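For reference, the structure discussed in these notes is given below.
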Amino acid sequence: MEFEKSVEKSWSNQQNIGLTAYLKKMKGEAREKDRIDYIDSFVSAIGGLIAIIIISFIAVYLGYPMALAPLGASCVIVFGAHKSLLSQPRNVIGGHIISTTIALIIWSIFGKSLFIIGLVLAIVLIIMTFTKTVHPPAAASALVSINSQAGWGFLTSIVIGALLLVFISMIYNNLFQTRQYPKHWL
Numbered sequence: 001m002e003f004e005k006s007v008e009k010s011w012s013n014q015q016n017i018g019l020t021a022y023l024k025k026m027k028g029e030a031r032e033k034d035r036i037d038y039i040d041s042f043v044s045a046i047g048g049l050i051a052i053i054i055i056s057f058i059a060v061y062l063g064y065p066m067a068l069a070p071l072g073a074s075c076v077i078v079f080g081a082h083k084s085l086l087s088q089p090r091n092v093i094g095g096h097i098i099s100t101t102i103a104l105i106i107w108s109i110f111g112k113s114l115f116i117i118g119l120v121l122a123i124v125l126i127i128m129t130f131t132k133t134v135h136p137p138a139a140a141s142a143l144v145s146i147n148s149q150a151g152w153g154f155l156t157s158i159v160i161g162a163l164l165l166v167f168i169s170m171i172y173n174n175l176f177q178t179r180q181y182p183k184h185w186l
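This is the structure:
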């Protein structure tokens, strides 16, 4: 009897420790107070402004203004977090091409439904991870292509936009001594 109580108490303690550790992960870690670099923020904003204006002309001309949502989000990452792995050319270009292509293939076969939208997001996430092309706005490209039922022309707009964004970012970011883009290609 006492052995059973001891085992039960031990089991209960292990569950509490596991739950405590699990919940503690959600607390996060303390952040250092970052000094805000107002000049760098302004430089990023001007770069994003230039890029999205140029990309807007192309997207609207091609008839796919809805491409501006994911490409605008890419601008924020490419100019605001230009050192990040997520902002590098492989991720920007590869992520958008892979995500949009997969979404359009699945949409062409199965049509549009809430399940398909969720499935596309899951598949795109897996493939971007496997190919080391994770770029969150690229997942938005996939979802926009399905929700807008844009068709294959949307891919052209996304590819041109992603290529232009990387090109503009290379030209613009490297004008400044404190910036380098890209950090790496592959």
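Okay, so the sequence shown: first residue is 1 according to the UniProt record's numbering, each after it adds one. Note that beta-carbon positions come from the ideal geometry of N, C-alpha and C, so glycine has one too. Computed from a predicted structure; not experimentally measured.
Between the C-alpha atoms of L19 and G28 there is a straight-line separation of about 16 Å.
Fully contained in the UniProt domain "HPP transmembrane region" (35 to 182) are the following alpha helix (DSSP H) runs of length 4 or more, in chain order: 38 to 62, 68 to 80, 95 to 110, 114 to 130, 136 to 147 and 153 to 173. About 7 Å separates the Cβ atoms of L121 and A142, confirming a contact at the 8 Å cut-off. Between V76 and S99 a beta carbon distance of about 17 Å is seen, past the 8 Å cut, so the two are scored as non-contacting. A Cβ-Cβ contact shorter than 8 Å links T133 with G95.
Just so you know, the alpha carbons of T129 and K25 end up roughly 23 Å apart.
With a contact defined as Cβ atoms closer than 8 Å, I168 and I50 qualify at about 6 Å.
The residue among L68, S56, G72 and G63 with its C-alpha nearest the C-alpha of S44 is G72.
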